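According to my numbering, the sequence shown is numbered sequentially starting from 123.
C-beta: ideal position from N, C-alpha, C; glycine also.
A quick note: this is a predicted structure, and the numbers were derived from the prediction, not measured.
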Amino acid sequence: MTQNDGFDALQSHAQRLRGAGIPDLLRDEPGREHGYSVRVGPLYFNFARQKYDRQALQALLELARSRDVAGALQRLFRGEQVNVTEHRAALHTALRGELTAAPVAQQAAASAREVRERMRALVETIENSDITDVVSVGIGGSDLGPRLVVDALRPLRSDLRVHFVSNVDGAAMQRTLAQLDPARTAGVLISKTFGTQETLLNGRILCDWLGGSERLYAVSANPERAAQAFDIAPGRVLPMWDWVGGRYSLWSAVGFPIALAIGADRFEQLLAGAADMDAHVLEAPAEGNAAVLHGLTEVWNRNLLGHATHAVMTYDQRLALLPAYLQQLVMESLGKRVKLDGSPVDSDTVPVWWGGAGTDVQHSFFQALHQGTSVVPADFIGTVHNDDPYIENHQALLANLLAQTEALANGQRSEDPHRSYPGGRPSTLILLDALTPEALGALIALYEHSVYVQSVIWGINAFDQFGVELGKQLASQLLPALQGEGTAVADPVTRAVLEQLQRR
Ligand code: F6P
């Protein structure tokens, strides 16, 4: 679907470039390997292996101008109600900085600061207690961000270990608790709404296992409900706000498990890195703006070249959870089929995002990336300096990262069709100087802003997620039937499967 008016000027470029070889693009534009790169603090982006040229990129930048991406970014940072379907601002940027003088954003930043101070005090209390383990219970945006950052930045050895339980499958909780001592464990229940089935059920198991709520903490935009449901003292309940979307919330008190795992100071560094990226995205002109270029590249690959999926390959084991995190951030934000005014979109929106950690994935799905019939544009993410002592391994890791991007782009001809590599498979390279809290904060913020840029081009709301509601409603209607309450079930297939479940 590409009838979008704004794309007309791009169609001829797409036709011209669809069959172009990436080495040809490099040959035809001397200096392209440097000219398509951007540095933002500890992050380096190289777009030279994307299948556009200067003219096409200019047309993409013109599209961004015609959609007023710069104005939309201003409105986001100023705290205007960009989440039009829920009449809310999306002020995740105010959780980590104060880039605008807009009173709403200033007020939000002040509230965030206040809560961070309270959070720091709670972290210190726990650090100075005999607690050795913390179980964080939450799901979606109340889990994936903290889980990613803790896995990426946790120290090798720590007196305080943080565990995550999200799935309503009791096996997840059982396996986690089996290794722990209830007398030396604390729990954090995280839920923006405090109405999420998984978190309420898992929270109850944890509370009972702990023998009460004495070592239970909560984070919610509905703090009264949280305090009441689990009888948690108000001093141990940290607030968040409706102007923070769940998948944009790791910078708020939702990041409590992060502060526990890496310390409150390093949590502040994560926020500072994100704030540096915010400043870049808000201030840099579109042609040198990493988030605008990344977002436009996604639009180019999706709408003009017609690619149905996008992969993220992390050549740093500590970032292995990034693809799972991005799946929610990108697909919950951009998986929409109507525009802000409710009319149908006139172009395809989000492709399927997926990925994994190199070099493991080279030995699983890379065959299909190199020789399969579908082209999968990808982000390859690596780290210049490693923190482990195994230098040769790190060199090998980087050699693989370079080799794979080169092989995918350039291919290699052979007389034998089985041994021929078509090439022409685009990728963006993203290098972090090192996996510091600042660099990770900047990387995550980059993706948040790229998502927003795409939403502005497509004219959709990146901040609601009504698509997840129907399944949730049906699940709560079906639960009584599974509990043997003889509830009438209308759908014949569901009824037949229920009969099977009950019979066996
Ligand atoms: O899956 C839908 C969703 O609403 C996500 O957007 C959200 O991050 C997750 O559920 C958890 O919601 P809550 O934080 O309210 O428990």
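Using only alpha-carbon positions, find the residue among the options that is nearest to residue i.
{"i": "Arg-297", "options": "Leu-360, Phe-286 and Pro-602", "result": "Phe-286"}
{"i": "Lys-173", "options": "Leu-530, Asp-255, Leu-596 and Ala-383", "result": "Leu-530"}
{"i": "Ala-556", "options": "Ala-178, Pro-544, Ser-542 and His-516", "result": "His-516"}
{"i": "Val-421", "options": "Glu-202, Ala-525 and Ala-181", "result": "Ala-181"}
{"i": "Leu-195", "options": "Thr-207, Leu-221, Ala-178 and Ala-170", "result": "Leu-221"}
{"i": "Arg-242", "options": "Ala-383, Asp-400 and Leu-183", "result": "Ala-383"}
{"i": "Gly-457", "options": "Leu-551, Ala-294, Thr-471 and Ala-446", "result": "Thr-471"}
{"i": "Ala-361", "options": "Ala-381, Ala-351 and Tyr-339", "result": "Strictly speaking, residue 361 in this sequence is Pro, with Ala absent from that position. Closest by alpha carbon: Tyr-339."}
{"i": "Pro-225", "options": "Phe-199, Pro-152, Val-434 and Ser-134", "result": "Phe-199"}
{"i": "Met-435", "options": "Asp-501, Leu-600, Val-366 and Glu-528", "result": "Asp-501"}
{"i": "Ser-549", "options": "Arg-187, Thr-431 and Ala-294", "result": "Thr-431"}
{"i": "Gly-309", "options": "Val-366, Leu-266, Arg-279 and Phe-378", "result": "Phe-378"}
{"i": "Asn-532", "options": "Glu-239, Gln-133, Arg-140 and Leu-148", "result": "Leu-148"}
{"i": "Gly-417", "options": "Leu-462, Ser-572 and Glu-236", "result": "Ser-572"}
{"i": "Gly-589", "options": "Ala-525, Arg-459 and Ser-536", "result": "Arg-459"}
{"i": "Gly-201", "options": "Gly-263, Ser-486, Arg-283 and Ala-216", "result": "Ala-216"}
{"i": "Leu-270", "options": "Gly-606, Pro-559 and Ser-598", "result": "Pro-559"}
{"i": "Arg-176", "options": "Gln-489, Asp-538, Gly-153 and Trp-373", "result": "Gly-153"}
{"i": "Asp-387", "options": "Val-245, Leu-426, Asp-482 and Gln-439", "result": "Val-245"}
{"i": "Ala-564", "options": "Gly-292, Gly-545 and Gly-395", "result": "Gly-395"}
{"i": "Val-414", "options": "Gly-143, Phe-169, Ala-142 and Gly-163", "result": "Phe-169"}
{"i": "Glu-208", "options": "Gly-367, Gly-143, Ala-381 and Arg-626", "result": "Gly-367"}
Just mark residue i as buried or exposed, buried being the case when its beta carbon has 16 or more other beta carbons within 10 Å.
{"i": "Val-452", "result": "buried"}
{"i": "Gln-484", "result": "buried"}
{"i": "His-507", "result": "exposed"}
{"i": "Asp-281", "result": "exposed"}
{"i": "Ile-566", "result": "buried"}
{"i": "Ile-513", "result": "exposed"}
{"i": "His-135", "result": "buried"}
{"i": "Pro-277", "result": "exposed"}
{"i": "His-214", "result": "buried"}
{"i": "Gly-480", "result": "buried"}
{"i": "Gln-133", "result": "exposed"}
{"i": "Ala-234", "result": "buried"}
Work out the CA separation of residue j and residue i for me, nearest whole Å.
{"i": "Ala-348", "j": "His-402", "result": "37 Å"}
{"i": "Val-346", "j": "Lys-314", "result": "Per the sequence shown, the amino acid found at residue 346 is Glu instead of Val. Each residue's Cα considered, the two are about 12 Å apart."}
{"i": "Ala-408", "j": "Val-160", "result": "11 Å"}
{"i": "Val-376", "j": "Gly-477", "result": "25 Å"}
{"i": "Phe-129", "j": "Val-578", "result": "14 Å"}
{"i": "Thr-616", "j": "Ala-274", "result": "41 Å"}
{"i": "His-429", "j": "Arg-171", "result": "15 Å"}
{"i": "Gly-357", "j": "Leu-551", "result": "45 Å"}
{"i": "Leu-491", "j": "Val-497", "result": "7 Å"}
{"i": "Ile-503", "j": "Glu-155", "result": "17 Å"}
{"i": "Pro-499", "j": "Leu-393", "result": "29 Å"}
{"i": "Gln-137", "j": "Ala-178", "result": "11 Å"}
{"i": "Ala-351", "j": "Gly-608", "result": "28 Å"}
{"i": "Val-256", "j": "Leu-328", "result": "11 Å"}
{"i": "Thr-318", "j": "Glu-184", "result": "43 Å"}
{"i": "Pro-602", "j": "Arg-187", "result": "53 Å"}
{"i": "Leu-404", "j": "Ile-354", "result": "40 Å"}
{"i": "Leu-462", "j": "Asn-583", "result": "6 Å"}
{"i": "Ser-335", "j": "Leu-299", "result": "16 Å"}
{"i": "Gln-449", "j": "Ala-518", "result": "28 Å"}
{"i": "Gly-219", "j": "Trp-365", "result": "15 Å"}
{"i": "Ala-343", "j": "Ser-264", "result": "12 Å"}
{"i": "Pro-145", "j": "Gln-622", "result": "57 Å"}
{"i": "Asp-252", "j": "Val-191", "result": "51 Å"}
{"i": "Asp-510", "j": "Ala-397", "result": "28 Å"}
{"i": "Leu-592", "j": "Glu-390", "result": "38 Å"}
{"i": "Phe-585", "j": "Val-467", "result": "16 Å"}
{"i": "Asn-425", "j": "Ala-131", "result": "13 Å"}
{"i": "Pro-544", "j": "Ala-406", "result": "36 Å"}
Is residue i close to chain B, meaning its C-beta is less than 7 Å from at least one C-beta of that chain?
{"i": "Leu-443", "result": "Here chain B cannot be found, since the structure has a single protein chain."}
Taking only three categories from DSSP, how would you classify residue i?
{"i": "Ala-543", "result": "The amino acid occupying residue 543 in the given sequence is Tyr; Ala does not appear at that position. Of the three classes helix, strand and coil, the one that applies to Tyr-543 here is strand, per DSSP."}
{"i": "Tyr-512", "result": "coil"}
{"i": "Gln-605", "result": "coil"}
{"i": "Asn-324", "result": "helix"}
{"i": "Asn-250", "result": "coil"}
{"i": "Ala-394", "result": "helix"}
{"i": "Leu-557", "result": "coil"}
{"i": "Arg-283", "result": "strand"}
{"i": "Gln-534", "result": "strand"}
{"i": "Pro-277", "result": "coil"}
{"i": "Gly-504", "result": "strand"}
{"i": "Arg-176", "result": "helix"}
{"i": "Ser-159", "result": "strand"}
{"i": "Ala-170", "result": "coil"}
{"i": "Trp-475", "result": "strand"}
Between residue i and ligand 3, is there a pair consisting of the residue's CB and a ligand heavy atom that are separated by less than 6 Å?
{"i": "Ser-536", "result": "This structure lacks ligand 3; the ligands present are ligand 1."}
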